[in-house]
Every structure is written in structure tokens, then in C-alpha cells.
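Engineer:
In mature numbering (1 follows the signal peptide of the UniProt record, and there is no 0), the protein residues as written are -17 to -1, 1 to 262.
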């Protein structure tokens, strides 16, 4: 069992390649970049600033599969990374790739003063020039993709159970990983449980960690292992509506919040000690 768990933990990043790009993203065929759509209404420069903060750029479009992928986000025209920098009709891509393809709509680019930034229309798959200062559009970024560290995850044992940090995963995939070891995502029943988890969370790199809690439509908590809910540690006293149904624990204050289950976080499994070599 220990061998199969280790094998799965090494395979896990590959199984998660798509999820790693997030629910609003697609892993491209070269496995080196994520293409993500954001529905925030911002200026062209603000959109590029956000992409750059993630070590990427507003996406270029070279008429390949990218053009088809962009069409799936059908929330109206949105910014991609083309710009007429000098307002002279010469367009270029912010990522530095050649401007070797164009798909302008009829009458475009407009050559109107200020219409120097490129919009992609997912309905027609065509481009238009627009005022760079418009705040009516979302945007699409390319960002680099790298596999999470595939080293064996941190494990700590006490009593009859061991607690293991998983690689990044959605809540459901993390629970499946825990089930393979004969356990579940961790249930928490005291402040002592939380205190014992702190070094595991720190050694795994910090950040939010999925635990085994889920709330229903009435915001009632239950644990995947079926254990009694006899302790709660919510950040806002209670879970909040509209923030998803799966429970994570913050590394900063060790308190709980809910979020959408398809988000990728680290996670903590609670597994029978017999599945691990004695520490």
C-alpha cells in the first residue's frame, strides 16, 4: 500500500496538469503554458499588468488551436495581446511572437485614433480594434505551466493515524488520493488536531489546504470519514453562502473557509498508521 501511495503521489501532478490551470483555464498542447480567461472588466493595460504579475502576457493568436480555445469563453469580446503601439497601423504581439496571422472583422482595424488594442470576439472568432482605455471587456492570458514538485509528500504520525500532505489537487481528486491509502481527507475534532497539522502544512509549502469537510445547501458541515462534527473553526464564525461547498484550512491562521471544489489547493489526508513504516 505504501508503494502504491508513493507511486500515485508521483503520478498525481501529471493527472492534475489540466486542473493546475484552474477552472477558467486550458493546458496547451506543448504542456508548457496555461491559457486562462478572466471576466473582470478592465482596461487593456490593467489586463496586461495582471498577466505580467503571473509571469505571462495577454495571449497572442496565430490561427492555430488557440483560436478555437479562445472561442469557448463566450462572454462578449475580450482583450488579447495585440497592439498598434505607434498608432500607425503596424500591429504587434506583447509576447514578442511574430504578427504572422490576422483575422480582422469587416472594416477592421478601424484606424480610429485611440483604437489601438485588439479585441477577440468568441462568437465570430474575429478581431477588432478598440479603445485601450475601455473598461467593458475581460481578457485572456498565457502563463507558464510547470509541474508541481513530485517529491514524496510530508508525513507525520501520532496515535493510530498518519497525516500526509498531498500535491496540488481539486477537492475531489484529493479525496480520491486519500481513499487509495485507506483513509480520507482529514477531519478535525480539536485545536490539538490543528496544532499537530501545522508542521505538515508548513513543510509542504504553505497556502490553503483542503480538509475533509463539506457543507450542504443549508451550510451544515459533514466530514467525508463520517465522523461526528464536534468542533468547528470557521474564519467568520460560520461558512458563507456563495463561496463553494468544500472546506479548506488556511496556513496563516489555521481557520476554515469554504471555496469552490474545483479549485486546486494542497490537501491533508488522514490515513491508518499501519500503511506507513514506523517513524
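Every residue, glycine too, gets a C-beta built ideally from N, C-alpha and C.
In three-state terms, what does DSSP make of residue 230?
Structural biologist: Here residue 230 refers to the residue found at position 247 of the chain shown. Reduced to three states, the DSSP call for residue 230 is strand.
Engineer: Could you tell me if residue 149 is buried or exposed, where buried requires 16 or more neighbouring beta carbons within 10 angstroms of its beta carbon?
Structural biologist: Taking the first residue of the chain shown as position 1, residue 149 is located at position 166. Buried, by the Cβ-count rule.
Engineer: Alpha carbon to alpha carbon, how far is residue 217 from residue 185? Give it in angstroms, no decimals.
Structural biologist: Along the chain shown, read from residue 1 onward, the residue named residue 185 stands at position 202. Along the chain shown, read from residue 1 onward, the residue named residue 217 stands at position 234. Residue 185 and residue 217: Cα-Cα distance of roughly 20 Å.
Engineer: Among all the DSSP beta bridges, which residues are the ones paired with residue 249?
Structural biologist: On the chain shown, position 266 is the one that residue 249 refers to. Answer by DSSP bridge pairing, in chain order: 192.
Engineer: Could you tell me whether the region 249 to 260 touches the region 151 to 170, where touching means 3 or more Cβ pairs closer than 8 Å?
Structural biologist: Yes, since at least three Cβ pairs between the region 249 to 260 and the region 151 to 170 fall closer than 8 Å, the two stretches touch.
Engineer: Can you name the start and end residues of the alpha helix (DSSP H) that residue 327 belongs to?
Structural biologist: For residue 327 there is no data in the structure shown, the boundaries of the chain being -17 and 262.
Engineer: Going by the DSSP bridge assignment, what does residue 205 pair with across the sheet?
Structural biologist: Locating residue 205 in the chain shown gives position 222, where the first residue counts as 1. Paired residues: 197.
Engineer: Can you give the Cα-Cα distance for residue 110 and residue 25, rounded to whole angstroms?
Structural biologist: Within the chain shown, the letter at position 127 stands for residue 110. Within the chain shown, the letter at position 42 stands for residue 25. Spanning the two alpha carbons is a distance of roughly 18 Å.
Engineer: Have a look at 11, 105 and 67 and flag the residue whose alpha-carbon is nearest the alpha-carbon of residue 122.
Structural biologist: Position 139 of the chain shown holds residue 122. When only C-alpha atoms are compared, the closest one is 105.
Engineer: Cα separation between residue 242 and residue 222?
Structural biologist: Sequence index remark: in the chain shown, residue 242 carries index 259 (1-based). Sequence index remark: in the chain shown, residue 222 carries index 239 (1-based). Distance between the alpha carbons of residue 242 and residue 222 is about 10 Å.
Engineer: Measuring only the C-alpha atoms, how far is residue 230 from residue 171?
Structural biologist: Translated into positions along the chain shown, residue 230 becomes position 247. Translated into positions along the chain shown, residue 171 becomes position 188. Their backbone Cα atoms lie some 11 Å apart in a straight line.
Engineer: What residue from 31, 107, 68 and 27 has the CA that sits closest to residue 59's CA?
Structural biologist: Along the chain shown, one-based indexing puts residue 59 at 76. That would be 107, whose Cα lies nearest to the Cα of residue 59.
Engineer: In chain order, what are the residue ranges of uninterrupted beta strand (DSSP E) at least 3 long that sit wholly in the region 95 to 153?
Structural biologist: Fully enclosed beta strand (DSSP E) runs of 3 or longer: 100 to 104, 109 to 113, 121 to 127, 138 to 141 and 144 to 152.
Engineer: In the DSSP assignment, what are the bridge partners of residue 241?
Structural biologist: One-based indexing of the chain shown puts residue 241 at position 258. In DSSP, residue 241 forms a bridge with 230.
Engineer: Do residue 190 and residue 169 come within 8 Å of each other at the CB atom, strictly closer than that value?
Structural biologist: On the chain shown, residue 169 is found 186 positions in, with the first residue counted as 1. On the chain shown, residue 190 is found 207 positions in, with the first residue counted as 1. No.
Engineer: Where DSSP assigns a beta bridge to residue 65, which residues make up the other side?
Structural biologist: Start at 1 with the first residue of the chain shown, and residue 65 comes out as number 82. Beta-bridge pairing links residue 65 to 76.
Engineer: Cβ atoms of residue 43 and residue 78: under 8 Å apart, would you say?
Structural biologist: On the chain shown, position 95 is the one that residue 78 refers to. On the chain shown, position 60 is the one that residue 43 refers to. Yes; because the gap between Cβ atoms is below 8 Å, this pair is in contact.
Engineer: What span of residues does the alpha helix (DSSP H) with residue 256 cover, start to end?
Structural biologist: To locate residue 256, count along the chain shown from 1; it is residue 273. From DSSP, residue 256 is part of no alpha helix (DSSP H); its letter is neither H nor E.
Engineer: Flag this pair as yes or no: are the beta carbons of residue 116 and residue 96 separated by less than 8 Å?
Structural biologist: In the chain shown, residue 116 corresponds to position 133, counting from 1. In the chain shown, residue 96 corresponds to position 113, counting from 1. No.
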